[in-house]
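Visitor:
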Amino acid sequence: MAISTEAQSQQEVKLSKEEIQRYSRHLIMPEVGMDGQLKLKKARVLTIGAGGLGAPLGLYLAAAGVGHLGIVEFDVVDASNLQRQVTFTTADVGKRKSEAAKARLSGLNPMIDIQVYDTRLTSENALELFRDYDIIVDGTDNFPTRFLVNDACVLLGKPNVYGSIFRFEGQATVFGYPGGPCYRCLYPEPPPPGLVPSCAEGGVLGVLPGIIGSIQAMETIKLILGTGDPLVGRLLLFDAMAMRFRELKLKKNPDCAICGDHRTVTKLIDYEEFCGIRGEETPAMTDGIQEITPKDLKARQDRGDNLFILDVREPHEYQICNLNGTLIPLGQLPLRVSELDSSQEMVVHCRSGKRSADAIQFLQKAGFKKLWNLKGGVLAWSDEVDPSMPKY
Amino acid sequence: MAVKVLIPTPLRQFTDKRTSIECSAATVGEALGSLTSSFAELRKHLYTEDGRIRSFVNVYLNDEDIRFLDKENTRTKDGDTISIVPSIAGGSPAAAR
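In order, the protein sequences belong to chains D and S. The numbering used here applies: residue 717 is where the first sequence begins, and numbers increase by one. The numbering used here applies: residue 3 is where the second sequence begins, and numbers increase by one.
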């Protein structure tokens, strides 16, 4: 069953001679043909995120001739993105991702219409943004946005082609299809912050989002064409190391808060609050956590102050760079807290200041008082004190 | 019943990096109990303080979600596979911890 386009244009859409030549490999397949290619041309697809998943997604949708492609992306290209975000080049570092992605995709296919929305997706703008599109593809990497995208899609009745990754594992499915489950049917609630390691801590094999993003592009095209068996009600699990695909059944949950029989969510909410995140880009600070800047720490160390440096990162991070601290990874802290001396003044640090804030909260509950959070972590240390320290 | 429990990547740090654990259990609940008694650190990631499976973790017996079967009382057979599927969402810099 093809997704019908609520086309604003009542004009008959045709393929030009150039388009016929460009899409010839589609046209000679009975599964696509002229009819299918016209469906692609009329289709309106919005991709959320132009990062690891968004890169192959955007490339293949543009290549396939999806006539109206929207991209929501607010970030700037960083060198560390180039390990996996293959739409960008080294010359793009520092540019806005939305601009760089649009340039790349329109270079690949100048015959389609590409709209970029250089803005964060929020509860205030999601419904408005999604309204003009037929299919939404979720290429984001954080829990609040996943719930936001899902809820907006359910409220508007649009399918949500979902893909997610972690290190070397991926998931893909189609949520929000009529009669099918939504994201909340699978996960009614997000994990509290800190309980599930994030990609930024865990890293990711660059090619993995290339595979999952391509699968998302494939599913989007199948939905547009109305062909094949889309991943509705099927959770595809991919293990890149074992090179194994598995499938689990996803069912619509009759008790689902947003798409179930007795729905309680009827409009978009504050997703950061829902996920327990304060939504700040600077290290999360709660009342009662003292901060020390890298410059001040350096000054105190130079003065000879007796400060214990506790590093709560992972061993492989310590190998990249360290402040000669004592390493106790955050996850091990509860087990190893007895190794620490609460009478000593302690500076706790991690990469950017967030995990160390969590560590301090834990230590405070354990009765420690003389605690400082290194503001900005080793990243800030590299910026402010020792530029020779690599950033990662 | 001899069953295999598959450990997802984010939880392998709590199971000595093992990707799957074999155990003998009559129900899914028993298999998970056996898992968390061998790996105590895993318990708080799978269960709330009042002993319910956390809502961002889904458990499957073969390819069926146990919420739609008999939940933890779902009976197992020899050779069954139990999958633990936590929600993963990566982590864009804004939400990184």
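Don't be surprised by glycine CBs; every beta carbon is placed ideally from N, CA and C. Given the structure is predicted, the values throughout are model-derived calculations rather than measurements.
First and last residue of the alpha helix (DSSP H) that includes D/V782?
Guide: D/V782: not part of any alpha helix (DSSP H); DSSP gives it neither H nor E.
Visitor: Would you say D/R883 reaches chain S, if we count a Cβ-Cβ gap shorter than 8 Å as a contact?
Guide: So, interface residue.
Visitor: According to the Cβ coordinates, are D/V865 and D/P946 closer than 8 Å?
Guide: No. Outside cutoff.
Visitor: Around the C-beta of S/A28, are 16 or more other C-beta atoms found within 10 angstroms, so that it is buried, or is it exposed?
Guide: exposed
Visitor: Identify, in the order they occur along the chain, each residue of the same chain with its Cβ nearer than 7 Å to the Cβ of D/K1014, setting aside the five sequence neighbours on each side.
Guide: V1101
Visitor: How do the region 1038 to 1045 of chain D and the region 38 to 54 of chain S stand: do at least 3 beta-carbon pairs fall below 8 Å, yes or no?
Guide: no
Visitor: Among all the DSSP beta bridges, which residues are the ones paired with S/A4?
Guide: DSSP lists S/S26 as partners of S/A4.
Visitor: Run through DSSP, which three-state label would D/H1032 get?
Guide: helix
Visitor: With a threshold of 16 other CB atoms inside 10 Å of the CB of D/N969, please say whether the residue is buried or exposed.
Guide: Result: buried.
Visitor: Run down chain D in chain order and give the residues with a C-beta less than 8 Å from the C-beta of S/E51.
Guide: Per Cβ cutoff of 8 Å: no residues; S/E51 is ~12 Å from chain D at best.
Visitor: Roughly how many angstroms lie between the CA atoms of D/E815 and D/G1069, to the nearest whole one?
Guide: 31 Å
Visitor: Could you please give the first and the last residue of the uninterrupted beta strand (DSSP E) stretch that includes D/A888?
Guide: 885 to 891
Visitor: To which residues of the same chain is S/G31 closer than 7 Å at the C-beta, ignoring the five residues directly before and after it?
Guide: E74, N75
Visitor: Since D/L902 meets chain S, which of its residues come closer than 7 Å, beta carbon to beta carbon?
Guide: N60
Visitor: Does D/N1089 come out as helix, strand or coil in the three-state DSSP assignment?
Guide: Here D/N1089 carries a strand assignment [DSSP, helix/strand/coil].
Visitor: State yes or no: is the C-beta of D/V788 within less than 8 Å of the C-beta of D/V809?
Guide: Remark: C-beta atoms of D/V788 and D/V809 do not approach each other more closely than 8 Å.
Visitor: Return the chain-ordered list of same chain residues with a C-beta closer than 7 Å to the C-beta of D/L1095, the five sequence neighbours on each side being excluded.
Guide: R1067, S1068, K1107
Visitor: By the criterion of Cβ-Cβ separation under 7 Å, what are the contact partners of D/P772 in chain S?
Guide: The contacting residues do not exist; D/P772 stays about 15 Å from chain S at best.
Visitor: Please name the residue, chosen from D/M745, D/A807, D/I830, D/R812, that lies closest to D/F778 on a Cα-to-Cα basis.
Guide: Residue 778 of chain D is actually Ala in this sequence, not Phe. For D/A778, the nearest C-alpha among the options comes from D/I830.
Visitor: Report yes or no: is there a C-beta of chain S within less than 8 Å of the C-beta of D/P746?
Guide: no
Visitor: Which residue's Cα is closest to the Cα of D/T803: D/R836, D/P925, D/Y849, D/G886?
Guide: D/P925
Visitor: Step through the CB atoms of chain D and report whether any lies within less than 8 Å of the CB of S/E66.
Guide: yes
Visitor: Out of D/P1031, D/I940, D/C898, which has the shortest C-alpha to C-alpha gap to D/V870?
Guide: D/C898
Visitor: Count the CB pairs spanning the region 1056 to 1067 of chain D and the region 1025 to 1033 of chain D that are closer than 8 Å, and state whether there are at least three.
Guide: yes
Visitor: Between D/L953 and the rest of its own chain, which residues show a CB-CB distance below 8 Å, the 5 nearest in sequence each way excluded?
Guide: E885, G886, Q887, F961, R962, E963, L964
Visitor: Around the Cβ of D/N1022, are there at least 16 other Cβ atoms within 10 angstroms (buried) or fewer (exposed)?
Guide: exposed
Visitor: Based on Cα-Cα distance, which residue from D/G1020, D/T835, D/L951, D/E728 lies nearest to D/G896?
Guide: D/L951
Visitor: If we cut at 8 Å on Cβ distances, does D/P906 have a partner in chain S?
Guide: yes
Visitor: In the DSSP assignment, the beta strand (DSSP E) including S/P88 goes from what residue to what residue?
Guide: 83 to 88
Visitor: Determine the DSSP secondary structure at D/T861, reduced to helix, strand or coil.
Guide: helix
Visitor: In the structure shown, what three-state DSSP assignment does D/I828 receive?
Guide: coil
Visitor: Give the residues of chain D in contact with S/T78, contact being defined as C-beta atoms less than 9 Å apart.
Guide: Simply none; closest approach about 16 Å.
Visitor: Around the Cβ of D/L1090, are there at least 16 other Cβ atoms within 10 angstroms (buried) or fewer (exposed)?
Guide: buried
Visitor: Please report the distance separating the alpha-carbon of D/G949 from that of S/E66.
Guide: 11 Å
Visitor: Taking buried to mean at least 16 other C-beta atoms within 10 Å of its own C-beta, is S/H47 buried or exposed?
Guide: buried
Visitor: Along chain C, which residues have their Cβ under 7 Å away from the Cβ of S/F70?
Guide: This model lacks chain C altogether, as its protein chains are D and S.
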